[in-house]
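**Q** Structure below; questions to follow.
Residue numbers (the UniProt record's numbering), protein chains in the order written: chain V, 1 to 344; chain R, 1 to 344; chain P, 1 to 344; chain C, 1 to 344.
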């Protein structure tokens, strides 16, 4: 009954098998390993982007901030929503890596709308040299509240970005959960919608720790390499990142894992709904935000369920409702979900 | 016949076995996993330092620059030798992480002497607020040229550091190779000699990618945690770092790997010496710097040997000597060494 | 009819006279001049703060960001209102100088209320190492909209700061305009209300270009000096900063200038009110935000009046109202104001 | 008898007169004042550079570090001599402003030779992404030891820079002292010799506090403006910087001041030489490094002479020689020099 995060579960055994298989003989370090060439080719194929520059790092924050710093200047402001991981959960890593750029928060319940994005950009009139200059836009897909931008919604944001000449970044820590939810292609969800750079997550979707950064225009590739190295994110034994990513993209493992996680979340959501939970956001991938009475939470925790309360704590009136976040990873068993729902 | 680097070889199977074993069920993320508690306990035990703060990161550069930035201020200068990894091989990561501190290069053929260290420190008279202020000292053990500071030599450097009130950092990317070379205890090679913080390497010595940062005084531990997070070096699935480090410190794997690597290098050094190679530094661990005629290098490369020329290239007069670096990792076979020496 | 800014007018002749007087013979550089010792003594006296550390810089932004960076850490977030100069008008200088700290915007029409400050601080739950940590609070007095915190209001904010253990900074670019508006003492408006550091402005109030930074607790004074020097804000010919500040604090010039500016603004405000202008904020010092019909603005500009429209531009329906900012500096003549009001 | 520094003396009265004259009526702030347009035109004329971008700041360090950060990237290393002001006297401001670039020290007694520059650049092989990348070259004219590069020497350094595709910066804190020493044109000493950006000093040569930054290629002008603003170096009451620089370049004041300072230094050098002083560098502008017996220094200090000992202190054997630095500013009287020489 573990729904705390999709980074709490184990890696898929196919990832481990790939690491074991990679662990033989000598390999060039620092990204010059043979597997990395295959990773690049595979990602270009999947994204229908034969020119794309592809890099691997080990954490999602590294992917985000290295990508964003490559797209921005220190005197600019980046546009994102308040709950964005880069704003809430990276302890100022974006500000650090960009050399002191700012984040301008776009009003958003979960998804950013074109109107709100435009309003935020207009709010940052450049005012000569006095204020921060407008910089890249960062969108999270799956959003931090478990919803998924449609391809049209992304393209509409891309249109706004283009109209201001600003680059657009996609934080895809849960990229594949969104992809299988939409049933679209990676190209449709990225460069065809105006996305310039993607943090393409593996860690939350069954890898041990690997994320790809993809630039569709390779013009800034060299700069990214310097930034990765001076950020201390270039692995000497890089083959172990490559092996994970290659296995992830082999035999549809990335898709299988995401479909599994989404299916589990759908099963859980149905059960929660039947039990009377209130949903503050409509779950569209593998994350659910649902409110239950405080006393119910207490009972579930006492029985061993693991998940996060999102607003408030267990202290307080028992009848009051508290929203909780439930995340399903690829590995969770139906038995776990059913046990949880039975308790409920 | 692969002597390019100790990060080119495979990880020890015991490390992979530990990863496989760790890959089950749910675990708390971000360093709160149960294995990490064991890692901390084990490192405190090994270092006879019950108060030490212990953290894991995935790259040696991350370990160095996070440790050094925690020990310094942006208006200070760090003291190291010119060939130090932090000066030569980290693409300004120390300057980035410290917020713009400087490196003052201490004259050193390989080891830094107390006199040279003192001269460098004296050279950075503080001059009021005008010049950079004196900051931490960073020593590399095994040095970048394959030599090893004795315990007394380290303590003499520690005395200099103490006399100026400056903290001392040990870049121990090859910590264990030095340890088994000296036959001393970790405590003798660190805090008993005046070292405040250690980058304790695992990656080059048979791990997949893990380094510990150890602070003997835990006063700055909280600051380190913020620095690691905003550097994007805090792993969500931290258990896979913990599992590596725990396996590394179990059943003396760290010592076995280092002893193996050092023994192979000794065998190789003997052969090189017998073949007339000239040693610019006396090999004391698992790295050899030896000069051979250009024509010999050409012949060895043609036969498939892999190693780095350190000064100059193959173009030029055949009879001239060029220094090369040979590194033995834990896994290299005697057959490889003997094949290489036979060629020679 | 120039109401664009209080930094558009001339310096008070007494300031120039002091510069001329200081321009003789040799003087120690970099703040060791004799006048600086007098400045420090005078500011300590005025603020009833015999231990205060006092420094001079030439721009208000330098004063703000050097003070704030001394009070904060790069992994923290600073609390300020959205219209704060540090947020709107410093092109990311706070982020640059702090090494990448963030600004959290406190909801505020003009003044920050204790409730809103508390809500903003609570919103930045520390969440372990994931989010930014709570850092200093920065309050602007006179506010960016021309209102003035009462002593009680400041003290109430100071209580909030104290209750969270956070330092408080006062951006006093128009410090003296507020002081004479309130009729309180500098101590009451600062350390007695819980303020730890002040940007004490001279430039907008009749100096050529000088601001003092005052720390009531001198513990961080040395750090400030390093930060000022590496920020390139330490003047070699420092005597010309000292001479300005000393003249400013002699014979009540600071108070006379501020009283003059406030009185002019009151005269202008009365005239605007009589002409039917709508005030979005109640003017309490030397700045007025008032709405007039677009056609009226057009007519005033055509007649040579100089001031800034605050929302919108002259294009549009003539009958619509647009808010403008009017600032009176110490030097503006009653004839100018009356000419403007006559036009109106 | 004050020879401590050329920033210890007073500003030329013509500078003060210009400030007084500028102190009337309203002026646009932030560099949009009318005088600034004249400054730009005048500098373009003097430098025969009709496209040059020209900016004013108040300190020499600001001029240097804003120029250098505009020419570099954080992962690069800048080439300068060890005694360079940017290395010795700016408390890591270059590292701060560049976002963590490094300085590589070029061997130099005072002037950098093309061979030494080339060696330093070659020493920074780029080594893929591992080491710092090669960045701009910074030359100081007058050098920190009072010597002056000939036009041919500068052009030879420019050729090295060009051959590596690296930009070249001239730290001209004493630009005019060098210019009148050489009798060449500003163009010959800068862009004709391959210089891309100049810190054109006013402060040490009779201004109160103003330096120009000149880019001969205006492509990076916009970036400079953002950097100046976020560095907190953009003056609101900018007219007072403009007025100084305009007066400085009017009626040859810049040349008159520099000729005066150089002539005084020549008179002093002759006297020192006659008195048996040993010169470690041949004085060619307004700075002298000369060795005298310790007892002589003691006697001179006791009599009220003011200057800096450069190596060592007064403690020690009386007969030993100590090098001192003597700087003549534009204002020093012959009587002061003669009084000093009489003492000697």
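C-beta: ideal position from N, C-alpha, C; glycine also.
As the structure is a computational prediction, the values presented were derived from the model and not from experiment.
First and last residue of the beta strand (DSSP E) that includes residue 136 (chain P)?
**A** Its beta strand (DSSP E) spans residues 133-140.
**Q** Would you say residue 179 (chain P) touches the ligand ADP, meaning its beta carbon is less than 6 Å from a heavy atom?
**A** For the structure depicted, the ligand ADP is absent and the ligand set is empty, with no information on it obtainable.
**Q** Which chain V residues are close to residue 287 (chain P), counting only those with a beta carbon under 7 Å from its beta carbon?
**A** Residues of chain V passing the Cβ test: none, with the nearest at roughly 17 Å.
**Q** With DSSP as the reference, label residue 323 (chain C) as helix, strand or coil.
**A** Here residue 323 (chain C) sits in strand by DSSP.
**Q** Kindly confirm or deny that the stretch 223-242 of chain P and the stretch 263-280 of chain P touch, where touching means at least three C-beta pairs closer than 8 Å.
**A** No, the stretch 223-242 of chain P does not touch the stretch 263-280 of chain P.
**Q** Shorter than 7 Å from the beta carbon of residue 100 (chain P) to some beta carbon of chain V?
**A** Yes - at least one Cβ of chain V is within 7 Å of the one on residue 100 (chain P).
**Q** Is DSSP giving residue 386 (chain V) helix, strand or coil here?
**A** The question about residue 386 (chain V) has no answer, for chain V in this structure spans 1 to 344.
**Q** With a Cβ-Cβ cutoff of 7 Å, do residue 233 (chain V) and residue 197 (chain V) count as a contact?
**A** Taking 7 Å as the Cβ cut-off, residue 233 (chain V) and residue 197 (chain V) do not qualify as a contacting pair.
**Q** Measure from the C-beta of residue 213 (chain V) to each C-beta in chain C and report whether the shortest distance is under 7 Å.
**A** Chain C contact via Cβ: absent.
**Q** Which residues of chain V have a Cβ atom closer than 8 Å to the Cβ of residue 229 (chain C), listed in chain order?
**A** Within 8 Å Cβ-Cβ: 75, 129 and 130.
**Q** For residue 290 (chain C), which residues of its own chain have a beta-carbon under 6 Å away from its beta-carbon, when the five flanking residues on both sides are left out?
**A** Answer for residue 290 (chain C): 272, 277 and 279, listed in chain order.
**Q** Residue 234 (chain R) versus chain P: which residues are under 9 Å apart at the beta carbon?
**A** Per Cβ cutoff of 9 Å: 129 and 130.
**Q** Report yes if the CB atom of residue 146 (chain P) is closer than 7 Å to the CB atom of residue 281 (chain P), and no otherwise.
**A** In this structure, residue 281 (chain P) lies closer than 7 Å to residue 146 (chain P) by Cβ.
**Q** Out of curiosity, what's the CA-to-CA distance linking residue 299 (chain C) and residue 318 (chain C)?
**A** Whole-angstrom Cα-Cα distance: 11 Å.
**Q** Which class does residue 171 (chain P) belong to by DSSP, given the choice of helix, strand or coil?
**A** It is a strand residue.
**Q** Note down, one range per segment and in chain order, each beta strand (DSSP E) of at least 3 residues found wholly within the stretch 33-117 of chain P.
**A** Runs of the beta strand (DSSP E) inside the stretch 33-117 of chain P: 53-57, 76-81 and 102-106.
**Q** Which whole-angstrom value is the C-beta distance of residue 345 (chain V) and residue 12 (chain V), which I expect to be below 8 Å?
**A** No answer is possible for residue 345 (chain V): the residues shown for chain V start at 1 and end at 344.
**Q** Please tell me whether residue 226 (chain C) has its Cβ less than 7 Å away from any Cβ of chain B.
**A** Protein chains V, R, P and C are contained in the structure displayed, whereas chain B is not.
**Q** Runs of 4 residues minimum, wholly inside the stretch 183-237 of chain P: which ones carry the alpha helix (DSSP H) assignment?
**A** The stretch 183-237 of chain P contains these whole alpha helix (DSSP H) runs: 186-189 and 221-230.
**Q** Can you tell me which residues form a DSSP beta bridge with residue 278 (chain V)?
**A** V:291, per the DSSP bridge assignment.
**Q** Taking just the CA atoms, how far does residue 9 (chain P) sit from residue 40 (chain C)?
**A** Roughly 23 Å separates the two Cα atoms.
**Q** Compute the beta-carbon to beta-carbon distance between residue 265 (chain R) and residue 283 (chain R), rounded to the nearest angstrom, for a pair I have assumed lies under 8 Å.
**A** So it is a contact: roughly 6 Å between Cβ atoms.
**Q** Residue 279 (chain R) CB to nearest chain C CB: under 7 Å?
**A** False, the Cβ-Cβ gap to chain C never drops below 7 Å.
**Q** Indicate whether the contact test is met: 3 or more Cβ pairs, each with one atom in the stretch 53-65 of chain P and one in the stretch 230-245 of chain P, closer than 8 Å.
**A** Flag = yes, the stretch 53-65 of chain P and the stretch 230-245 of chain P touch.
**Q** Could you say which of C:324, C:344 and C:163 lies nearest to residue 3 (chain C) if we only look at CA atoms?
**A** The option with the nearest alpha carbon to residue 3 (chain C) is C:324.
**Q** What residues in the stretch 42-66 of chain C have a beta carbon less than 9 Å from any beta carbon of chain P?
**A** If the cut-off is 9 Å between Cβ atoms, the stretch 42-66 of chain C has 57, 58, 59, 60, 61, 62, 63, 64, 65 and 66 near chain P.
**Q** Please report the straight-line C-alpha distance between residue 341 (chain R) and residue 306 (chain R), rounded to a whole angstrom.
**A** Their Cα atoms are separated by approximately 13 Å.
**Q** How many Å lie between residue 210 (chain P) and residue 99 (chain R) at the Cα?
**A** Looking at the two C-alpha atoms, the distance is approximately 28 Å.
**Q** Given this structure, state the Cα-to-Cα distance separating residue 287 (chain V) from residue 66 (chain V), to the nearest angstrom.
**A** Using only the alpha carbons, I get a separation of about 26 Å.
**Q** Please check if any C-beta of chain C sits within less than 7 Å of the C-beta of residue 208 (chain P).
**A** Closer than 7 Å to some Cβ of chain C, the Cβ of residue 208 (chain P) qualifies, so yes.
**Q** Pick from R:49, R:31 and R:103: whose alpha carbon is nearest that of residue 228 (chain R)?
**A** Residue R:31 is the option with its Cα nearest to residue 228 (chain R).
**Q** Which residue from P:42, P:167 and P:304 puts its Cα closest to that of residue 80 (chain P)?
**A** Minimum Cα distance to residue 80 (chain P) is reached at P:167.
**Q** Output, in chain order, the set of chain C residues within a Cβ distance shorter than 7 Å of residue 91 (chain R).
**A** In chain order: 75, 129, 130, 131 and 132.
**Q** So, at 7 Å on beta carbons, what are the nonlocal neighbours of residue 33 (chain P) in its own chain, with the 5 sequence-adjacent residues on each side left out?
**A** The residues are 27, 238, 239 and 242.
**Q** Among V:178, V:72, V:62 and V:37, whose alpha-carbon lies nearest the alpha-carbon of residue 50 (chain V)?
**A** Out of V:178, V:72, V:62 and V:37, V:37 has the C-alpha closest to the C-alpha of residue 50 (chain V).
**Q** State the Cα-Cα distance for the pair residue 23 (chain P) and residue 16 (chain P), rounded to the nearest angstrom.
**A** Each residue's alpha carbon lies about 11 Å from the other.
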